[in-house]
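Below is one structure; the comments refer to it alone.
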Amino acid sequence: MQRQIAQFLTYMRVERGASDYTVKSYREDLIAAADYFAEEDGTCPAPASITAVELRGFLSALHEAGYAKTSIARKLASLRSFYRYGQREGWATSNPARALRNPRKGRSLPHFLTTEEIGTLLSAPPAESPMGIRDRAILETMYSGGLRVSEVVGLSDADVDLAQEILLVKGKGRRERLSPLGSYATSALKAWLRHRKLSPSEKQGREAPVFTNRFGTRLTTRSVGRMLEKYLKETGLDLRTSPHTLRHSFATHLLDRGADIRSVQELLGHKSLVTTQIYTHVSTANLRAAYEKAHPRAN
Numbered sequence: 008m009q010r011q012i013a014q015f016l017t018y019m020r021v022e023r024g025a026s027d028y029t030v031k032s033y034r035e036d037l038i039a040a041a042d043y044f045a046e047e048d049g050t051c052p053a054p055a056s057i058t059a060v061e062l063r064g065f066l067s068a069l070h071e072a073g074y075a076k077t078s079i080a081r082k083l084a085s086l087r088s089f090y091r092y093g094q095r096e097g098w099a100t101s102n103p104a105r106a107l108r109n110p111r112k113g114r115s116l117p118h119f120l121t122t123e124e125i126g127t128l129l130s131a132p133p134a135e136s137p138m139g140i141r142d143r144a145i146l147e148t149m150y151s152g153g154l155r156v157s158e159v160v161g162l163s164d165a166d167v168d169l170a171q172e173i174l175l176v177k178g179k180g181r182r183e184r185l186s187p188l189g190s191y192a193t194s195a196l197k198a199w200l201r202h203r204k205l206s207p208s209e210k211q212g213r214e215a216p217v218f219t220n221r222f223g224t225r226l227t228t229r230s231v232g233r234m235l236e237k238y239l240k241e242t243g244l245d246l247r248t249s250p251h252t253l254r255h256s257f258a259t260h261l262l263d264r265g266a267d268i269r270s271v272q273e274l275l276g277h278k279s280l281v282t283t284q285i286y287t288h289v290s291t292a293n294l295r296a297a298y299e300k301a302h303p304r305a306n
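If you're matching positions, the sequence shown starts at 8 in the numbering used here and goes up one per residue.
This is how it looks when you write it as structure tokens:
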């Protein structure tokens, strides 16, 4: 196996033009596998004789040793490349690493703001200037309906029904959903639309953009990100906060207050309930933290 590894590394360096760092990573990954099989069998077997089951044993040993999932996935990718090279050279008739799945990466909990922090953020835009009125309307609308930033800048007048306090939102994959507007968001939108000025070059009537820049043309997602960053700095809120954080906060606050997860799925426009379930973990973590803080025998 050592000979085939050396040939593979030469191939990667000379024919594929891989960097020294990449070659070093391949060497470390493949030598780790060779050492494992040598320790298991007393001698390093020919790579063509190693089965998918035996490779799975190697990956399991890495997991038990505490290797990160990303490191295990990288070693598996190296083995796949190594055996692809072996098939090309003729010393391997199959690629046993191909049948193995990468370890599933744990999903990190989404960052969200507390209700108090949301209140601080939504009250930050000044009510004396048209741009401040617009900014408040954007933030209120995103939080009120759990909108993505692309969805809020994509709103046109035809999508807004202020009388019924509802939005027609065009989400991912051209899927449409109805999103309710709270009273604060409705008031903020009404205030902004009284100040909005459209450029003659923009679409008019029902196709007019709801949110525009100072030139009267449709706002971009980057502009919303820069606007949010400005208010985060002014209020001293967590700078990790992004426009998507408002969507995370929307879902978390609904579940914290007893909303049904299926309803939250519909409001977010998630195709799969699995995507929405990440927020149940956030809510559970909040409950646990509150329990440990308040219960006299929690710790």
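Positions of the beta carbon are idealized from the N, C-alpha and C atoms, including for glycine.
#1: When you compare only the Cα positions, how much space is there between Arg254 and Arg155?
#2: Specify, as a first and last residue, the run of the beta strand (DSSP E) that Lys76 falls within.
#3: Return the chain-ordered list of same chain residues with a C-beta closer than 6 Å to the C-beta of Lys82, the five sequence neighbours on each side being excluded.
#4: Just how far apart, CA to CA, sit Glu96 and Ala72?
#5: Here's the rule I'm using: 16 or more other beta-carbon atoms within 10 Å means buried, otherwise exposed. How should Phe222 be labelled?
#6: Identify, in the order they occur along the chain, each residue of the same chain with its Cβ nearer than 8 Å to the Cβ of Ser101, setting aside the five sequence neighbours on each side.
#7: Looking only at its chain, what residues have a beta carbon closer than 8 Å to the beta carbon of Leu188, apart from the 5 residues adjacent to it on each side?
#8: Can you check which of these residues, Gln272, Trp199, Ala25, is closest to Thr2 by C-alpha distance?
#9: Between Ile38, Pro110, Ser56, which lies nearest to Leu66 when the distance is taken from Cα to Cα?
#10: Does the beta-carbon of Ser270 have 16 or more other beta-carbons within 10 angstroms, so that it is buried, or is it exposed?
#11: Please give the ranges of any beta strand (DSSP E) in the region 183 to 224, keeping only runs that are unbroken, at least 3 residues long and fully inside the region.
#12: Per DSSP, which one or two residues make a beta bridge with Ile173?
#13: Looking at Ser163: is its Cβ nearer than 8 Å to the Cβ of Pro216?
#14: I'd like to know whether the C-beta atoms of Leu274 and Ser186 end up nearer to each other than 8 Å.
#15: So Thr228 and Val167 are supposed to be a Cβ contact under 8 Å. How far apart are they, rounded?
#16: Does the distance from the C-beta atom of Ile79 to that of Leu69 stay below 8 Å?
#17: Can you tell me which of Glu123, Ser85, Ser32, Tyr18 puts its alpha carbon nearest to the alpha carbon of Leu107?
#18: Should Glu299 go down as buried or exposed, given a rule of 16 or more other Cβ atoms within 10 Å for buried?
#19: If we ignore side chains and look at the alpha-carbon of each, how far apart do Ala134 and Lys204 end up?
Answer, in terms of the structure:
#1: For the purposes of this step, residue 254 is taken as residue 247 along the sequence shown, with counting starting at 1. For the purposes of this step, residue 155 is taken as residue 148 along the sequence shown, with counting starting at 1. Across the structure, Arg254 and Arg155 are spaced so that their CA atoms are roughly 7 Å apart.
#2: The residue given as residue 76 occupies position 69 in the sequence shown. First-last for Lys76: 76 to 96, but that is the alpha helix (DSSP H), not the beta strand (DSSP E).
#3: Here residue 82 is taken as the residue at index 75 of the sequence shown, counted from 1. Excluding the 5 residues flanking it on each side, Lys82 has same chain C-beta neighbours closer than 6 Å at Asp36, in chain order.
#4: Locating residue 96 in the sequence shown gives position 89, where the first residue counts as 1. Locating residue 72 in the sequence shown gives position 65, where the first residue counts as 1. Roughly 33 Å separates the two Cα atoms.
#5: Here residue 222 is taken as the residue at index 215 of the sequence shown, counted from 1. Counting Cβ neighbours within 10 Å, Phe222 comes out exposed, since fewer than 16 surround it.
#6: Numbered from 1 along the sequence shown, position 94 holds the residue referred to as residue 101. Tyr90, Gln94.
#7: Taking the first residue of the sequence shown as position 1, residue 188 is located at position 181. Here the set comprises Thr148, Ser151, Gly152, Leu169, Glu172, Ile173, Leu174, Leu196.
#8: Outside the modelled stretch of the chain, which goes from 8 to 306, sits residue 2, for which no answer is possible.
#9: Here the question's residue 66 lines up with position 59 in the sequence shown. Residue Pro110 holds the alpha-carbon nearest to the alpha-carbon of Leu66 among Ile38, Pro110, Ser56.
#10: Your numbering for residue 270 matches position 263 in the sequence shown. Exposed.
#11: Runs of the beta strand (DSSP E) inside the region 183 to 224: 183 to 187.
#12: Stepping through the sequence shown from its first residue, residue 173 is reached at position 166. DSSP lists Asp168, Pro187 as partners of Ile173.
#13: Counted from its first residue, the sequence shown places residue 163 at position 156. Counted from its first residue, the sequence shown places residue 216 at position 209. The answer is yes: Cβ separation under 8 Å.
#14: Reading the sequence shown from its first residue, position 267 is the one you call residue 274. Reading the sequence shown from its first residue, position 179 is the one you call residue 186. In this structure, Ser186 lies closer than 8 Å to Leu274 by Cβ.
#15: Taking the first residue of the sequence shown as 1, we reach residue 228 at position 221. Taking the first residue of the sequence shown as 1, we reach residue 167 at position 160. Contact between Thr228 and Val167 is ruled out by a C-beta separation of about 19 Å, above the 8 Å threshold.
#16: Your numbering for residue 79 matches position 72 in the sequence shown. Your numbering for residue 69 matches position 62 in the sequence shown. Cβ atoms of Ile79 and Leu69: closer than 8 Å.
#17: Reading the sequence shown from its first residue, position 100 is the one you call residue 107. The shortest C-alpha separation from Leu107 is found at Ser85.
#18: Walking along the sequence shown from the start, residue 299 turns up at place 292. Exposed is the call here.
#19: Here residue 134 refers to the residue found at position 127 of the sequence shown. Here residue 204 refers to the residue found at position 197 of the sequence shown. Rounded to the nearest whole angstrom, the CA to CA distance from Ala134 to Lys204 is 17 Å.
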